[in-house]
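Novice: Take 5 as the starting number for the sequence shown in our numbering and just add one per residue. For each residue, glycine too, the CB sits at the ideal point set by N, CA and C. Pasting a structure here, questions to come.
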Amino acid sequence: MASISRPHILLHSSSPSFKLNPSSSLFRSRKLLNSLPFNRRRSFCSVNSTSHHKSESVSIVNNFLDYLNESWTHFHATAEAKRQLLAAGFHLLNENEEWNLKPGGRYFFTRNMSCLVAFAVGEKYDVGNGFYAIAAHTDSPCLKLKPKTASLKSSSYMMVNVQTYGGGLWHTWFDRDLSVAGRVILRRSDNSFVHKLVKVNRPILRIPTLAIHLDRTVNQDGFKPNLETHLLPLLSMKLEDTSSESKEKTAALSSKASHHPLLMQILSEELKCDVDDIVSIELNVCDTQPSCLGGANNEFIFSGRLDNLASSYCALRALVDSCESPGDLASEQAIRMVALFDNEEVGSDSAQGAGAPTMFQAMRRIVAGLANNYVGEGTFERTIRQSFLVSADMAHGVHPNFSDKHDEHHRPELQKGLVIKHNANQRYATSGITSFLFKEVGKIHNLPIQEFVVRNDMGCGSTIGPILASGVGIRTVDCGIAQLSMHSIREICGKEDIDIAYKHFKAFYQNFSSIDKLLTVDS
Numbered sequence: 005m006a007s008i009s010r011p012h013i014l015l016h017s018s019s020p021s022f023k024l025n026p027s028s029s030l031f032r033s034r035k036l037l038n039s040l041p042f043n044r045r046r047s048f049c050s051v052n053s054t055s056h057h058k059s060e061s062v063s064i065v066n067n068f069l070d071y072l073n074e075s076w077t078h079f080h081a082t083a084e085a086k087r088q089l090l091a092a093g094f095h096l097l098n099e100n101e102e103w104n105l106k107p108g109g110r111y112f113f114t115r116n117m118s119c120l121v122a123f124a125v126g127e128k129y130d131v132g133n134g135f136y137a138i139a140a141h142t143d144s145p146c147l148k149l150k151p152k153t154a155s156l157k158s159s160s161y162m163m164v165n166v167q168t169y170g171g172g173l174w175h176t177w178f179d180r181d182l183s184v185a186g187r188v189i190l191r192r193s194d195n196s197f198v199h200k201l202v203k204v205n206r207p208i209l210r211i212p213t214l215a216i217h218l219d220r221t222v223n224q225d226g227f228k229p230n231l232e233t234h235l236l237p238l239l240s241m242k243l244e245d246t247s248s249e250s251k252e253k254t255a256a257l258s259s260k261a262s263h264h265p266l267l268m269q270i271l272s273e274e275l276k277c278d279v280d281d282i283v284s285i286e287l288n289v290c291d292t293q294p295s296c297l298g299g300a301n302n303e304f305i306f307s308g309r310l311d312n313l314a315s316s317y318c319a320l321r322a323l324v325d326s327c328e329s330p331g332d333l334a335s336e337q338a339i340r341m342v343a344l345f346d347n348e349e350v351g352s353d354s355a356q357g358a359g360a361p362t363m364f365q366a367m368r369r370i371v372a373g374l375a376n377n378y379v380g381e382g383t384f385e386r387t388i389r390q391s392f393l394v395s396a397d398m399a400h401g402v403h404p405n406f407s408d409k410h411d412e413h414h415r416p417e418l419q420k421g422l423v424i425k426h427n428a429n430q431r432y433a434t435s436g437i438t439s440f441l442f443k444e445v446g447k448i449h450n451l452p453i454q455e456f457v458v459r460n461d462m463g464c465g466s467t468i469g470p471i472l473a474s475g476v477g478i479r480t481v482d483c484g485i486a487q488l489s490m491h492s493i494r495e496i497c498g499k500e501d502i503d504i505a506y507k508h509f510k511a512f513y514q515n516f517s518s519i520d521k522l523l524t525v526d527s
């Protein structure tokens, strides 16, 4: 798979008693790091130093960390996926235009720049054959800027109005080095408009915690911030400058009264445009700390947005690598697909979420296009019955300090492989049949598998699996990579699980046809 090469240097803090040899390469690296501006330093912290052995060449962990650090928002995650697909030779389609498809072709399209569907057509595909699809989501719980962000507190503090998105652990957002990223609409010189992504690569925001001296019982009563009044990020102090130059700048920015002029100025500098050219913004608040390896043996990945960019990247990479070489699709009779949706964290009911018919509309168009626009009786229905969907979303690993929160016989661990999720009340779409078939895929390559069932005395979350499965009746299994601290601003998963998930998804694309033929259920 084509990818941008980036330097891989791991720099972790050391204990006070540890001193570096001035002649060592690590000392020189740190000296270099300290001389760099902040927006260049972060790339050094974001990468790992996996040990040099034979499996190094097949590990995707380095590239995954790069993907995380590029993908501050769902927009950036989709744009980075688009870049990688184009680099791998996939052809960009437009939903507004006719599609010219052929067996052996590789294609993709985006919707809203936050949803993406990519697919590769087997060279032996025949109309009525199935799709082998993996679906995940690009969004994560975060803070989003309100339409009117400018707020003043105590006459001097310039605050930014935000709204909560999804079910985040909001207390973890306090005392973090924050910034903004997302998309804007710019007015061009000819009065047309253009959509652009933006990312401010330095900490410009912070949500300060109240000192314990002013909240003496917080450790006994718990930290319970009011999400409307206590969660506003601090941007700057209001400057009282009466100079003529300041007045001219203020007048020039008056058209942006909904937002602090200082914030708009930062965005315009990042975009290299005039402030008045920015006609609309859609921004997330983001943590600036880079994704990196951690743990004594560098066995963990510390990062935001693991839920669910880990699944998205493993699925995307598996599709690309399963058909990157000439001949990879030569004997394939099905169509391999990845669907990355937006808005899963808030129910999926949007034009770019899994609740929209995006994936199934694409399937219909693909089937019709490959049939030269002639589709016989029940062709699409037969296609769906021969299809299989993997709903990939992160799973709850057993917490070492709260192991009683898991059923004692279903406690997924980090570094032990993908987790198949079961729920008798259909909060997950897994059935006995789909679980068996997905396990068989892993057995071919000796890949470990785990299983999860929520305790009977606890509520169960859900995924896009049941939404998609019930939409057209496609066979579905729900699975995910085990993680800790789900929905925190900073999450944890096992490094080895990224490679295991990638291998399992790749094996699914390459081997599912042969496995599916061995089991007959409805005859």
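(1) What distance in whole Å lies between the Cβ atoms of D143 and D346, which are believed to be in contact at a cut-off of 8 Å?
(2) Residues in the same chain with beta-carbon distance under 7 Å from A343, minus the five sequence neighbours each way, listed in chain order, please.
(3) Using the Cβ count rule (16 or more neighbours within 10 Å means buried), how would you classify S160?
(4) So, helix, strand or coil for T233, using DSSP?
(5) Any heavy atom of the ligand MG closer than 7 Å to the Cβ of I189?
(6) Taking the continuous alpha helix (DSSP H) assigned at S466, which residues delimit it?
(7) Given a threshold of 16 other Cβ atoms within 10 Å of its Cβ, counted over all protein chains shown, does R459 qualify as buried or as exposed?
(8) Taking the beta carbon of D219 as the centre, do at least 16 other beta carbons fall within 10 Å, making it buried, or is it exposed?
(9) Taking DSSP as the reference, what is the three-state secondary structure of T77?
(10) Let me check understanding here. Comparing Cα to Cα, which of S272, F440 and R479 lies closest to V283?
(11) In angstroms, rounded to a whole number, what distance separates the CA positions of R415 and S262?
(12) Any chance you could list the alpha helix (DSSP H) runs of at least 4 consecutive residues sitting entirely within the segment 424-458, in chain order?
(13) Could you compute how far the alpha carbon of F509 sits from the alpha carbon of D70?
(14) Using a Cβ distance threshold of 8 Å, determine whether the segment 169-176 contacts the segment 353-369, with at least three qualifying pairs required.
(15) If we count Cβ pairs, one from each stretch, closer than 8 Å, do we get three or more for the segment 449-463 versus the segment 418-432?
(16) If we ignore side chains and look at the alpha-carbon of each, how far apart do I270 and M398 end up?
(17) Give a yes or no on whether the C-beta atoms belonging to H449 and A511 are separated by under 8 Å.
(18) Report the partner residues of F113 according to the DSSP bridge assignment.
(19) Which of helix, strand or coil does DSSP assign to D346?
(20) Taking I285 as the reference, give the member of P151, W103 and G498 with the closest Cα.
(21) Contact between the segment 209-225 and the segment 317-324 is defined here as three or more beta-carbon pairs at a separation below 8 Å; is this criterion met?
(22) For Q487, which residues does DSSP report across the bridge?
(23) Within 10 angstroms of the Cβ of F392, are there 16 or more other Cβ atoms? Answer buried if so, exposed if not.
(24) Using the DSSP secondary-structure output, state which residues sit across from E286 in a beta bridge.
(25) Cα-Cα, which of S118, D520, Q514 and T114 is closest to L313?
(26) With Y169 and L147 assumed to form a contact (beta carbons below 8 Å), what rounded beta-carbon distance in angstroms separates them?
(27) Which class does K409 belong to by DSSP, given the choice of helix, strand or coil?
(28) Would you tell me roughly how many angstroms separate the C-alpha atoms of Q337 and D291, rounded to the nearest one?
(29) Do F123 and I478 come within 8 Å of each other at the CB atom, strictly closer than that value?
Specialist: With the given structure in hand:
(1) 5 Å
(2) V121, A137, A139 and M363
(3) exposed
(4) coil
(5) As for the ligand MG, it is missing from this structure, which has no ligand bound.
(6) Looking at the DSSP string, S466 is not in any alpha helix (DSSP H), and its letter there is neither H nor E.
(7) exposed
(8) exposed
(9) coil
(10) S272
(11) 49 Å
(12) 436-448
(13) 20 Å
(14) no
(15) yes
(16) 35 Å
(17) yes
(18) V121
(19) strand
(20) P151
(21) no
(22) H400 and C497
(23) buried
(24) R187
(25) S118
(26) 7 Å
(27) helix
(28) 44 Å
(29) no
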